[in-house]
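Data first, discussion second: the structure below is written as structure tokens.
2 protein chains.
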Amino acid sequence: MDKTIKYINENKKRYLSELEEFLKIPSISTNPENADDVKRCASFVSDKMNEAGLENVKIYETKGHPVVYGDWLKAGDDKITILIYGHYDVQPVDPINLWTNPPFEPIIKNNKIYARGATDDKGQVYIHLKSIEAILKNESKLPVNVKFVIEGEEEIGSEHLTPFLEKYKDMLKCDYVVVSDTAMYGEGQPAITYGLRGLSYNEILLTGPNRDLHSGSFGGTVENPLNALCNIISKLKDEKGKILIPGFYDDVKPLSDKEREEFKKLPYDETVYKSDLEVDELFGEEGYINEERRTARPTLDVNGIWGGFQGEGAKTVLPSKAGAKVSMRLVPNQDPDKIDKLFTDFVTKLAPKSVKVEIKNLHNAKPAITPIDSPAMNCAVEALKKAYGKDVLFTREGGSIPIVNTFQEILNAPTVLIGFGLHTENAHSPDEHFDLTNYYTGIESITYFLEELGKIK
Amino acid sequence: MDKTIKYINENKKRYLSELEEFLKIPSISTNPENADDVKRCASFVSDKMNEAGLENVKIYETKGHPVVYGDWLKAGDDKITILIYGHYDVQPVDPINLWTNPPFEPIIKNNKIYARGATDDKGQVYIHLKSIEAILKNESKLPVNVKFVIEGEEEIGSEHLTPFLEKYKDMLKCDYVVVSDTAMYGEGQPAITYGLRGLSYNEILLTGPNRDLHSGSFGGTVENPLNALCNIISKLKDEKGKILIPGFYDDVKPLSDKEREEFKKLPYDETVYKSDLEVDELFGEEGYINEERRTARPTLDVNGIWGGFQGEGAKTVLPSKAGAKVSMRLVPNQDPDKIDKLFTDFVTKLAPKSVKVEIKNLHNAKPAITPIDSPAMNCAVEALKKAYGKDVLFTREGGSIPIVNTFQEILNAPTVLIGFGLHTENAHSPDEHFDLTNYYTGIESITYFLEELGKIK
Chain D
1 MDKTIKYINE NKKRYLSELE EFLKIPSIST NPENADDVKR CASFVSDKMN
51 EAGLENVKIY ETKGHPVVYG DWLKAGDDKI TILIYGHYDV QPVDPINLWT
101 NPPFEPIIKN NKIYARGATD DKGQVYIHLK SIEAILKNES KLPVNVKFVI
151 EGEEEIGSEH LTPFLEKYKD MLKCDYVVVS DTAMYGEGQP AITYGLRGLS
201 YNEILLTGPN RDLHSGSFGG TVENPLNALC NIISKLKDEK GKILIPGFYD
251 DVKPLSDKER EEFKKLPYDE TVYKSDLEVD ELFGEEGYIN EERRTARPTL
301 DVNGIWGGFQ GEGAKTVLPS KAGAKVSMRL VPNQDPDKID KLFTDFVTKL
351 APKSVKVEIK NLHNAKPAIT PIDSPAMNCA VEALKKAYGK DVLFTREGGS
401 IPIVNTFQEI LNAPTVLIGF GLHTENAHSP DEHFDLTNYY TGIESITYFL
451 EELGKIK
Chain U
458 MDKTIKYINE NKKRYLSELE EFLKIPSIST NPENADDVKR CASFVSDKMN
508 EAGLENVKIY ETKGHPVVYG DWLKAGDDKI TILIYGHYDV QPVDPINLWT
558 NPPFEPIIKN NKIYARGATD DKGQVYIHLK SIEAILKNES KLPVNVKFVI
608 EGEEEIGSEH LTPFLEKYKD MLKCDYVVVS DTAMYGEGQP AITYGLRGLS
658 YNEILLTGPN RDLHSGSFGG TVENPLNALC NIISKLKDEK GKILIPGFYD
708 DVKPLSDKER EEFKKLPYDE TVYKSDLEVD ELFGEEGYIN EERRTARPTL
758 DVNGIWGGFQ GEGAKTVLPS KAGAKVSMRL VPNQDPDKID KLFTDFVTKL
808 APKSVKVEIK NLHNAKPAIT PIDSPAMNCA VEALKKAYGK DVLFTREGGS
858 IPIVNTFQEI LNAPTVLIGF GLHTENAHSP DEHFDLTNYY TGIESITYFL
908 EELGKIK
């Protein structure tokens, strides 16, 4: 593979300009007004698959945003088959005013590329495409059979991916699924994620009086839905971070002593963590260390809240409606559907008779644990060690990649999570960026990884 | 005055079209972008003062929005002098989507005129101008000396009115101040307001992490300012409506048995009240009846709240900032400045170390009680009885008219509050409107009122 690695180093400039093109497309899957941009982004991905030398490249329409497929299956039956998954859709950009530069006009600063989707997940998807391109160009064959599935709905729950996987089960048959949508442990410290948290994301809508009222003329006689909403939310979690929804912890699989020892070994630095976030104090569930709280324990967070007058100045209104988005991160073996029900029942019970309450579930994802000792996992460890010259850590991730379970259930294939992002790269936030060192080293890593996978008998 | 009353009845059509012009001007004092409209509205008022026959009409610039002055002082020294106060500025219009018709394109439905400012306070200001016009036109003199002060900052706290009153103390000297910015007790039931609640309006801003975070990658390790904000707000008032800020009730003057008897006499109908608001249950402070809660007891309401993702769909963000506007209605003898301090100290104490808290006071108003047995008050009772053919009720108002105290302090003049609005007319809400019967009968009432005042020796 030396020739290929040399080629990769000679083509960095082009890899960067191509990534910039990818990042210029505002493929925000949750915004109806960006639907055409999402389509355009799918075409971009399929074009790049063809340029990389993949075959059977095709954009599969779904009831939502399209899925882009491509493969290269000439490695032979004695070689394993991997399915590389990623997503070309991105998160919304608000609060837009907090971006230093426009989110869809990528710029480079201190060897980092800034744009929405840079680290989550366009940059990491592109690593795989460029590695495949480099190998086919220089070795004219891949060490293993490869299939690509790049979807456009990951940021909104991959709703239409499951029917797609079921429909094309045979076409997508594979030994392993490979996903690069997670983070390294830190700068220069490669990591493989073996655990992911699940998610239950709900919206609470309260209605008090049938119209906005003058808080002077009516204040004191009618329930204010904003006060009621705050009261409800304040009863969901106690002051020590424990979630108070009855039955919430029933199915939580306790961390083993072995796992907790591993967590203690992680080179976590509280001072660095706090100063990065500029907080005087951290807040988390009693009895667990930060890395456990972040990745291996369930949480409850208000993701958004609204109601009444938000403008400048003083408007004395007693509002009719109040709303909040509340999500819970789940861990093995919590079931999002069961948690939904517990949440809905509890919130309904907490809501006073003086308001009407409506609860919508917006997004669910199951937590996941993947085996850390599979042959493919070992290949990943070898490849990352070779590319980064450093031992690999096994970590858990606080976020969710809903489809990891789906792949297990439908394709019966375990997932290998090789991430090249960093937790400090503002995924889902203003000024999202991606470290170019990891972009280029990532392309090398995947190249070594495919080489290693080729040795599996 | 028969000639004048006849004239009023013959000119209703013109009175209506002129009011429509007044209501078309979007004089929203809190919006910087409407500053020119506010100016334009001041000119409209001064033009109408001239047309009415007032003299020395002048627009007085202030550091904020201008005050419009006009007078007629030829009644003679043996006659009393009244100062008629009102405001030409209006509340913001959001939520704009809940308006049936555009707020600044007045329309008539079922003998009501719909537009922002219709009842609060343009319609009521115009009643006085048209009465003066009618009397001067038909009697060529007024029964008393009259001064007009129509300001443009009532909805934002009348910040620059006080310096204006102090500067022109001598010019504004008067025996009584007359204000029509309150409500009747109900349809066809005239009322005179003798008590007003005060206000302390504050904004709470919390900052957690220095940027919006991915709730998956960080959730569980850092305080979420939205959760923290809900916790703080939930601790400000208990489930029985009692405010929990230490010392909050210390200066509250208890209602006398006499007052409580009067409250019991008010023809309040809970069924009607609830069905108007479409609520299954009312909510208010334990131990008080609805009308006491609405007008004679202090309250705490969240007027607005914001933070995180408010758009469609599910964005898994752990936000950096959270904000809320919280106001308290005050009663005699609570002091807004003292209440501010209690509020600020308590909220600061409640805020966890894991967030930064900032509290801004946006607006204060003192509560007020006016004497119900002054000669002018008796004139008002006679005039309303004559115009409406019904006995007048003495009521308190839940809202604030900050300047009632200011007039007492600076001009040493008591205020007579003659209101022609209705509590169901959506002041401060979408579809604000004003009953045209009260508009026309109001013009008659003020005419009779001036006639009665002319009899005062």
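Residue numbers (our numbering), protein chains in the order written: chain D, 1 to 457; chain U, 458 to 914.
Cβ atoms here follow ideal geometry from the backbone N, Cα and C, with glycine treated the same way.
Note that the structure is predicted; figures quoted are calculated from it, not measured.
Is DSSP giving R573 of chain U helix, strand or coil here?
-> As a working note, residue 573 of chain U is residue 116 in the second sequence. It is coil, neither helix nor strand.
Quick one: does A687 of chain U have its CB under 9 Å from some CB of chain D?
-> Sequence index remark: in the second sequence, residue 687 of chain U carries index 230 (1-based). The amino acid at residue 687 of chain U is misidentified as Ala; the sequence shows Cys. Chain D contact via Cβ: present.
Give the single residue among D:V326, D:A322, D:T221 whose Cα lies nearest to the Cα of P755 of chain U.
-> Here residue 755 of chain U refers to the residue found at position 298 of the second sequence. Residue D:T221 is the option with its Cα nearest to P755 of chain U.
When U:E680, U:Q548, U:C836, U:G533 are compared against T487 of chain U, the one with the closest alpha-carbon | Counted from its first residue, the second sequence places residue 487 of chain U at position 30. Checked all of U:E680, U:Q548, U:C836, U:G533; the closest Cα to T487 of chain U is U:Q548.
Please confirm if P209 of chain D has its CB atom under 9 Å from at least one CB of chain U.
-> Taking the first sequence and counting its residues from 1, one reaches residue 209 of chain D at position 209. P209 of chain D counts as touching chain U.
Near L739 of chain U, what residues of its chain come up, given a Cβ to Cβ distance below 8 Å and the 5 sequence neighbours on each side ignored?
-> Mapped onto the second sequence, residue 739 of chain U falls at position 282. Here the set comprises E727, Y730, K731, N747.
Just curious, the beta strand (DSSP E) that F740 of chain U is in, first and last residue?
-> Position 283 of the second sequence, counting from 1, holds the residue named residue 740 of chain U. No beta strand (DSSP E) holds F740 of chain U; DSSP gives it neither H nor E.
Using the rule of at least 16 other Cβ atoms within 10 Å of the residue's Cβ for burial, across every protein chain shown, is L907 of chain U buried or exposed?
-> Translated into positions along the second sequence, residue 907 of chain U becomes position 450. The residue in question, L907 of chain U, is buried, as its Cβ has 16 or more Cβ neighbours within 10 Å.
What whole-angstrom Cβ distance do I25 of chain D and G86 of chain D have, given they're in contact under 8 Å?
-> Position 25 of the first sequence, counting from 1, holds the residue named residue 25 of chain D. Position 86 of the first sequence, counting from 1, holds the residue named residue 86 of chain D. Rounded, the Cβ-Cβ distance is 15 Å, inconsistent with contact.
Output, in chain order, the set of chain U residues within a Cβ distance shorter than 9 Å of G398 of chain D.
-> In the first sequence, residue 398 of chain D corresponds to position 398, counting from 1. Those within 9 Å of G398 of chain D in chain U are H671, S672, G673, S674, F675, G676, G677, T678.
Just the chain D side, please: which residues come within less than 9 Å of S691 of chain U by C-beta, in chain order?
-> Counting from one through the second sequence, the residue named residue 691 of chain U turns up at place 234. Per Cβ cutoff of 9 Å: N227, C230, N231, I232, I233, S234, K235.
Any beta-carbon of chain D closer than 9 Å to the one on V636 of chain U?
-> Residue mapping note: residue 636 of chain U aligns to position 179 of the second sequence, counting from 1. No, its Cβ sits nowhere closer than 9 Å to a Cβ of chain D.
To the nearest angstrom, report how far apart D459 of chain U and K843 of chain U are at their CA atoms.
-> Locating residue 459 of chain U in the second sequence gives position 2, counting from the first residue. Locating residue 843 of chain U in the second sequence gives position 386, counting from the first residue. The straight-line gap from Cα to Cα measures roughly 13 Å.
Within its chain, find whatever has a CB closer than 6 Å to the CB of A822 of chain U; leave out the 5 residues flanking it on each side and keep chain order.
-> The sequence position of residue 822 of chain U within the second sequence is 365, counting from 1. Setting aside the 5 residues that flank it on each side, A822 of chain U is surrounded in the same chain by G655, L656, S857, P859, each with a C-beta closer than 6 Å to its C-beta; the list follows chain order.
By how many angstroms is the C-alpha of V582 of chain U removed from the C-alpha of A532 of chain U?
-> Here residue 532 of chain U corresponds to residue number 75 of the second sequence, with the count starting at 1. Here residue 582 of chain U corresponds to residue number 125 of the second sequence, with the count starting at 1. One C-alpha to the other measures close to 22 Å.
Per-residue contacts from D758 of chain U into chain D (C-beta, under 8 Å) = By 1-based counting over the second sequence, the position of residue 758 of chain U is 301. Result: S215, G219, N224, L226, N227, L318.
With 16 as the cutoff for other CB atoms within 10 Å, does E61 of chain D come out buried or exposed?
-> Counted from its first residue, the first sequence places residue 61 of chain D at position 61. Exposure of E61 of chain D is indicated by the presence of fewer than 16 other C-beta atoms within 10 angstroms of its C-beta.
Answer yes or no: does any C-beta atom of chain U fall closer than 9 Å to that of N426 of chain D?
-> For the purposes of this step, residue 426 of chain D is identified with residue 426 of the first sequence, where counting begins at 1. Yes, N426 of chain D counts as interfacial toward chain U.
Hey, A771 of chain U and K325 of chain D are a contact pair by Cβ (cut 8 Å); roughly how many whole angstroms apart?
-> Against the second sequence, residue 771 of chain U aligns to sequence position 314. Against the first sequence, residue 325 of chain D aligns to sequence position 325. About 7 Å; that satisfies the 8 Å criterion.
Residue ranges of each beta strand (DSSP E) within the segment 622-672 of chain U, 3 or longer | 633-636, 648-653, 655-664
Do V709 of chain U and P789 of chain U have their C-beta atoms within less than 9 Å of each other?
-> For the purposes of this step, residue 709 of chain U is taken as residue 252 along the second sequence, with counting starting at 1. For the purposes of this step, residue 789 of chain U is taken as residue 332 along the second sequence, with counting starting at 1. Yes, they are a contact pair.
Cβ-Cβ distance between Y472 of chain U and K594 of chain U below 9 Å | Translated into positions along the second sequence, residue 472 of chain U becomes position 15. Translated into positions along the second sequence, residue 594 of chain U becomes position 137. No, they are not a contact pair.
Starting from H423 of chain D, find everything on chain U with Cβ-Cβ shorter than 7 Å and list it in chain order.
-> On the first sequence, position 423 is the one that residue 423 of chain D refers to. Neighbours of H423 of chain D on chain U, chain order: S674.
Below 9 Å between beta carbons: does that hold for D301 of chain D and S327 of chain D?
-> As a position in the first sequence, residue 301 of chain D is number 301, starting the count at 1. As a position in the first sequence, residue 327 of chain D is number 327, starting the count at 1. Closer than 9 Å, so yes.
Interface partners of H363 of chain D on chain U, CB under 9 Å | Against the first sequence, residue 363 of chain D aligns to sequence position 363. In chain order: G770, A771, T773.
Based on the DSSP output, what are the partners of A42 of chain D in its beta bridges?
-> By one-based count along the first sequence, residue 42 of chain D stands at place 42. Paired residues: none, contrary to the question.
Endpoints, beta strand (DSSP E) assigned at K798 of chain U = As a working mapping, residue 798 of chain U is identified with position 341 in the second sequence. Run containing K798 of chain U: none in the beta strand (DSSP E); it sits in the alpha helix (DSSP H), 793-807.
Under 7 Å from the C-beta of L277 of chain D: neighbouring residues of chain U = Residue 277 of chain D sits at position 277 when you count from the first residue of the first sequence. P666, N667, V679, listed in chain order.
Just reading off the alpha helix (DSSP H) that F720 of chain U is part of, what are its end residues?
-> Within the second sequence, the letter at position 263 stands for residue 720 of chain U. Taken as a continuous stretch (DSSP letters only), the alpha helix (DSSP H) holding F720 of chain U covers 714-722.
Segment limits, alpha helix (DSSP H) that includes L686 of chain U = Here residue 686 of chain U refers to the residue found at position 229 of the second sequence. Here the alpha helix (DSSP H) through L686 of chain U covers 682-691.
Under a Cβ-count criterion, where at least 16 other Cβ atoms within 10 Å of its own Cβ denotes burial, should P190 of chain D be classed as buried or exposed?
-> Here residue 190 of chain D refers to the residue found at position 190 when the first sequence is read from its first residue. That one is buried.
Name, going along the chain, the residues of the segment 282-310 of chain D whose beta-carbon falls closer than 7 Å to a beta-carbon of chain C.
-> The structure shown has no chain C; the protein chains it does contain are D and U.
State the Cα-Cα distance for the pair A509 of chain U and L540 of chain U, rounded to the nearest angstrom.
-> Position 52 of the second sequence, counting from 1, holds the residue named residue 509 of chain U. Position 83 of the second sequence, counting from 1, holds the residue named residue 540 of chain U. If you take the alpha carbons of A509 of chain U and L540 of chain U, they lie about 16 Å apart.
Thinking just about the alpha-carbon of each residue, which of U:L693, U:M628, U:V849, U:E490 is nearest to the one in E512 of chain U?
-> The residue labelled residue 512 of chain U in the question sits at position 55 within the second sequence. Checked all of U:L693, U:M628, U:V849, U:E490; the closest Cα to E512 of chain U is U:M628.
Answer with yes or no whether the minimum CB distance from S784 of chain U to chain D is below 9 Å.
-> Taking the first residue of the second sequence as 1, we reach residue 784 of chain U at position 327. Interface residue, yes.
Give the range of the beta strand (DSSP E) segment to which R853 of chain U is assigned.
-> Sequence index remark: in the second sequence, residue 853 of chain U carries index 396 (1-based). Taken as a continuous stretch (DSSP letters only), the beta strand (DSSP E) holding R853 of chain U covers 850-854.
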